[in-house]
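Written below as structure tokens is the structure these notes are about.
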Amino acid sequence: MQSDNKLVFNPLDWVGSPRESIGDNKSSVNNDSEHTAITQYDNTSTTEQIEAVTALIESNGINLADDYGNWVTIGMALAHEMGEAGRDIFHRVSRVSSKYTMGECEKKYDNCLRTSNGRTTIGSFFHLAKEAGIDISSVARDVAIKNERMPTMPPMPTLPIGNENGIENGHKEDTSSQHTDNNINTNNNINNIENMDTDFANRCQDDKVASVASVTSVTKMEDVKGEDSADESVDLPTFSDKIDAEDWSPFMQEVIKSQELYSSKDLMVLGSVFTLSSVTPNYFGLYDGRKVFASGYIAITAPAASGKGDIAVCRNLVEPVEKEIHDANIKETEEYQKELATWSVLDKKQKAEMPQPKEPPFRSLLISANSSTTAVCQAINDNHGNGLIFESEGITMASTLRTEFGDYSDVLCKAFQHERISYTRRTEHEHVDIACPRLSMVLTLTPGQVSSLIPSFESGLGSRIPIYRLARNLVWRDVFETKDMTNEERFNLLGSRYLNLYHELEKRKEHPLQFVVSDSQKKAFNDYFSQLQLEQVKMLGDDLVAIVRRLGLICFRMAMVLTLLRRVNMKEDETKAAFEDDEQAIVCDDRDFRIAMTISNCLIDHEAYVYSNLVPHTDTSTMQTLRSKATGPKAQLLNDLPDSFINQDLYRIAERLHISKRTASRYLGEYINVMQVVKRIKIGAFCKISAKTEDESSANERNTTQHTT
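Note that the numbering used here has the sequence shown beginning at 490, numbered continuously upward.
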């Protein structure tokens, strides 16, 4: 019996009542006193009945919300019966209508909560559903049978507790049991998963892309309060622990050698690959019928004192190239000054016959993020269409983009796709046209600054800038440890090694080098991303289409850079050409293909997290309140899922609970990206974060041994 002793409507009794023809009287929809079979009931079973009816409304596309009166009736009925917990149901029923907007739906339900007086009960909701053709009696009996078979609810898992900002407070980390990289390895759980609904693993050579991704490394941390409080407790995977050390090129092995933690290795890999993507002249590939170059964007977000500033050393990789450009600038300027001095002493007639020498542009690979739109375009143009924005304090760019003079987000969007950029130099009245801009970008910023950089996914930047959420390491590192060389020295040396390859690429202006992928790689790539797109859209909606599709291009570009780096001569005492004289194409190395795909499989989890939590989008207000709504069917589905599961398991259990596939997929997206109680292993394979096995402890011990030896 309910604590407020309110009389409520039991549809199982109602459908057998001789007065169920009540639908003939429209006024009776809001007056349940006419029903003869009114009983008190267990609220849990009625919640399940509401969920079951809602699932049928969704799966059959039954539109109850086009009529405003019916729409209000549904809201009032749900508000009276379920209170705040009915908000999600109201959205789901309303979404079937073409008139649905999230904002209006939110306002209307807020109003229903304020004005509900008990005269419109849940019976009105069931009545409207029955009039629309839903067999209420069948639904009610199915729920009753299910409850009879399972008279008591299994113990529910401890779920994160939310507040008005959607902050998780219930998922705290026990630092006493943490190891060096805070990684949790659930290898045995995932290896026991059978009948995966994706065959991508079988299509990749050595089964590396999928198999390495089946061992999940989850990083746990607590962020500082303040601007990062909305990002306080995060479990996201790393990728370095899923890649065999010997699969990296000798160049990248040196990059990784500079760090001990998996998360730090990830940081240096991403920083190095995207920094070097800016210095790959005369090197292209064909993607989606278009010529594309290696340049790309990456952003690293992490709370204060997480070590994200270590990425600054990656800039040393391009310093030798920048120095050569700078030295060439000085030489050009000296020549100009000599020519200008000679021209200045000419008489008027001679000056008329000889045009005044033109001052050479200031060329630089590096472009300041604190620039106006025209300055950024001019810098790209002056450096022959190429440039690199490298900011270890991303707030500089975020602040600039908010100003009228510095809002060059449109330039960033176009440069990502190599789309034409045109602008006019006001001082010289010169129209400039950059036919194929090639811009790379590496940023680091705190979680609180992400929304400043990407105010909305509608801006386009959100899908073009993959954001990797760096873990905060809670273990103090030995700041006096003696190493064979400092990170600055190591990356300076790597930069000088790469300079030789850069020179060889520069010489290929007449014969550019094409990057190509094999037929088996093409098939694996298309299979993977087509399934990834379907998976992510099911969980988070259509906005994820752009993210997945552009992640495909980013993956292709990473493979371009990784394969190219195998041509860097790492032997100081050996002089060897990187390319044969008649070489026209470079084939993607299978190892680099697997690495790029594994990184992408990790990045999609980070991007989904950023989308769900850090960047405003169409479902932001709904997302912010989801943590406090793990009740009823949503909680039951989570509870019934095994520790490791695949899509078939999810749908089978959802069907038993009378939850549609569409709703189950949406719940799964919330479990992963909002509640942080489930982690995605790979396409179609998942694992509960709360599930810990003995193998995790031994895996952590292995990680600790690796980091301390």
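Built from N, CA and C at the ideal position, the CB exists for glycine as well. This one's a predicted model, so the numbers in the text were calculated from it and none came from an experiment.
Given a cut-off of 7 Å, decide if residue j and residue i are closer than it, judged by their beta-carbon atoms.
i	j	result
Gly883	Leu928	no
Asn1015	Ala1097	no
Val582	Ile625	no
Val921	Thr790	no
Tyr772	Leu994	yes
Ser761	Ala960	no
Val802	Asn976	yes
Phe740	Val1166	no
Leu1157	Asn962	no
Ser1214	Met1028	Residue 1214 lies beyond the residue range present for the chain, which begins at 490 and ends at 1198; the question has no answer from this structure.
Ser767	Leu835	no
Arg584	Tyr598	no
Cys902	Gly949	yes
Phe879	Arg958	no
Ile1172	Glu1024	yes
Ile1213	Val1099	Outside the modelled stretch of the chain, which goes from 490 to 1198, sits residue 1213, for which no answer is possible.
Phe763	Thr1087	no
Leu759	Pro936	no
Ser586	Asn559	no
If you follow the alpha helix (DSSP H) that residue i is part of, which residue opens it and which one closes it?
i	result
Arg1141	1136-1145
Cys902	898-905
Lys619	611-620
Arg558	The amino acid occupying residue 558 in the given sequence is Gly; Arg does not appear at that position. Its alpha helix (DSSP H) spans residues 557-571.
Asn1090	1079-1102
Ala794	Run containing Ala794: none; DSSP gives neither H nor E here.
Tyr589	Tyr589 -> no alpha helix (DSSP H), and no H or E assigned at all.
Leu1029	1008-1029
Quick test of your reading: residue i and residue j, contact by CB under 8 Å. State the CB separation rounded to the nearest angstrom.
i	j	result
Thr769	Leu1053	6 Å
Leu1002	Leu806	The pair is not a contact, with the Cβ atoms about 20 Å apart (cut-off 8 Å).
Thr609	Met565	4 Å
Ala788	Ile954	5 Å
Val810	Leu988	6 Å
Ile623	Glu570	Not a contact, Cβ separation roughly 17 Å.
Ser747	Arg979	5 Å
Asp1094	Pro844	Not confirmed; about 59 Å, so no contact.
Leu1051	Ala1085	6 Å
Asp799	Leu756	6 Å
His1147	Ala544	6 Å
Val1037	Phe1018	6 Å
Ser1009	Cys1077	Actually they do not touch by this definition, with Cβ atoms about 11 Å apart.
Thr862	Asp816	The Cβ separation is near 29 Å, so there is no contact.
From which residue to which residue does the beta strand (DSSP E) around residue i run?
i	result
Ile819	No beta strand (DSSP E) holds Ile819; the alpha helix (DSSP H) holding it covers 808-833.
His920	919-923
Gln1003	1002-1005
Gln1177	Reading off the sequence, residue 1177 comes out as Lys, not Gln. 1174-1177 is the extent of the beta strand (DSSP E) around Lys1177.
Val1166	Segment: none, Val1166 is in no beta strand (DSSP E) and carries neither H nor E.
Ser929	927-934
Asn1058	Careful: Asn1058 lies outside any beta strand (DSSP E) and carries neither H nor E.
Glu848	No beta strand (DSSP E) contains Glu848, which DSSP labels as neither H nor E.
Ala1074	1074-1076
Glu880	875-880
Arg470	Outside the displayed span of the chain (490 to 1198) sits residue 470, for which this structure offers no information.
Ile869	Counting along the chain, Ile869 falls outside any beta strand (DSSP E), though it belongs to the alpha helix (DSSP H) covering 862-871.
If you compare alpha carbons, which of the options is closest to residue i?
i	options	result
Ser605	Ser627, Tyr589, Ile563, Asp577	Ile563
Leu1126	Glu620, Gly951, Lys1150	Lys1150
Cys1091	Asp556, Val781, Leu775, Arg1169	Arg1169
Val542	Ala621, Lys597, Leu602	Ala621
Leu1130	Ile1178, His1095, Ile1172, Val1104	Ile1178
Asn818	Ser888, Pro936, Phe851	Phe851
Lys596	Phe615, Ala568, Val585	Ala568
Ser1208	Ala1067, Ser1009, Cys1044	Residue 1208 lies beyond the residue range present for the chain, which begins at 490 and ends at 1198; the question has no answer from this structure.
Ala858	Gln845, Pro849, Val900	Val900
His873	Thr862, Thr892, Ser860, Ile910	Ile910
Tyr776	Glu1159, His1147, Gly951, Val1005	Val1005
Tyr786	Lys797, Pro792, Leu765	Leu765
Met930	Pro844, Cys1176, Met886, Arg584	Met886
Glu848	Thr892, Gln826, Asp736	Gln826
Glu1061	His815, Ser985, Tyr897	Ser985
Met1164	Lys1123, Glu880, Phe1134	Lys1123
Cys1176	Arg1145, Ser881, Asp1132	Asp1132
Answer yes or no: the CB of residue i versus the heavy atoms of the ligand PLP, is any distance below 6 Å?
i	result
Ser941	Within the structure as shown, the ligand PLP is missing, as the structure has no ligands at all.
Does residue i get closer than 7 Å to chain C when you measure Cβ to Cβ?
i	result
Leu750	Any reference to chain C falls outside this structure, which holds one protein chain only.
Using a Cβ distance threshold of 8 Å, determine whether the stretch 863-876 contacts the stretch 826-845, with at least three qualifying pairs required. no
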